[in-house]
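*Asks:*
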Amino acid sequence: MRAVVEGLATRLADVLAALAGAPVTAVHADLHLDNILFGPVGAAPPVTVLDWQGISRGVAAVDVALFLVGSLAAEERRAAEDTLLRRYHTSLVEHGVDGYPLGRLRDDYCRAMLLHLVGTVGWLTGADPTTLAGRERALVDAALGDGRLIAALLDHAAAGLVAASRSVS
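Number 189 marks the last residue of the sequence shown (the numbering used here); no jumps.
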């Protein structure tokens, strides 16, 4: 993990540049289970997403990474990740995104995890860890406390992706 953090310190701009060529879509930017309501099976709509004040245009993989890494335990993510990324890619293609191969989505997904790390660390620099409570504490614990984010970064050899981002930009 140290290599990831140290690499990001000098190559964050390269990671961002590598993401710049990805398709742009509406991005929620805070997509985790606390912001999703699931209806009964067969209900319409089956899912309702809340908390849209951060909506923007951005890289499609950002919400996917935040949701999978932030909402699923490492074992659950590992079991479902490939299927969910394939389904997401299929949906993108069915809705008009072309020229975005599944392999590129996977790389962007990993780069988006790096942004999640930067965002989490940045947010924590302004927080008082002794006063975190309730959902704030639970979200920090989910990202860092049980190792979800760290496990995902290690599973996807994030240090290598940071280094490789320099050659993509």
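Beta carbons: idealized from backbone N, C-alpha and C, even for Gly. A quick note: this is a predicted structure, and the numbers were derived from the prediction, not measured.
Alpha carbon to alpha carbon, what distance is there between residue 118 and residue 148?
*Replies:* 44 Å
*Asks:* Can you give me the Cβ contacts of residue 91 inside the same chain, cut-off strictly under 6 Å, excluding the 5 residues immediately before and after it?
*Replies:* 52 and 53
*Asks:* For residue 171, which residues in the same chain have their Cβ closer than 6 Å to its Cβ, ignoring the five residues on either side in sequence?
*Replies:* 94
*Asks:* Please state the DSSP three-state secondary structure of residue 52.
*Replies:* coil
*Asks:* Between residue 120 and residue 85, is the Cβ-Cβ spacing less than 8 Å?
*Replies:* no
*Asks:* Quick one: which unbroken alpha helix (DSSP H) runs of 4-plus residues sit fully inside the stretch 43 to 115? Chain order, please.
*Replies:* 81 to 91 and 94 to 114
*Asks:* Shortest alpha-carbon distance to residue 29 belongs to which of 141, 79 and 109?
*Replies:* 141
*Asks:* Got a sec? Which residues, its chain only, sit under 7 Å from residue 80 by beta carbon, not counting five neighbours each side?
*Replies:* Here the set comprises 42, 43, 45 and 112.
*Asks:* Could you name the residues of the same chain whose beta carbon sits closer than 8 Å to that of residue 75, not counting the 5 residues immediately before and after it, in chain order?
*Replies:* The beta carbon of residue 75 is closer than 8 Å to those of 46, 47, 48 and 49 in its chain, skipping five residues each way along the sequence.
*Asks:* In whole angstroms, what is the alpha-carbon distance linking residue 138 and residue 106?
*Replies:* Going from the Cα of residue 138 to the Cα of residue 106 covers about 26 Å.
*Asks:* Is any heavy atom of the ligand COA found at a distance shorter than 7 Å from the C-beta of residue 115?
*Replies:* Absence of the ligand COA is noted for the structure shown, with no ligands found whatsoever.
*Asks:* Return the CA-CA distance between residue 101 and residue 56, expressed in angstroms with no decimal places.
*Replies:* Answer to the nearest angstrom: the Cα atoms are 19 Å apart.
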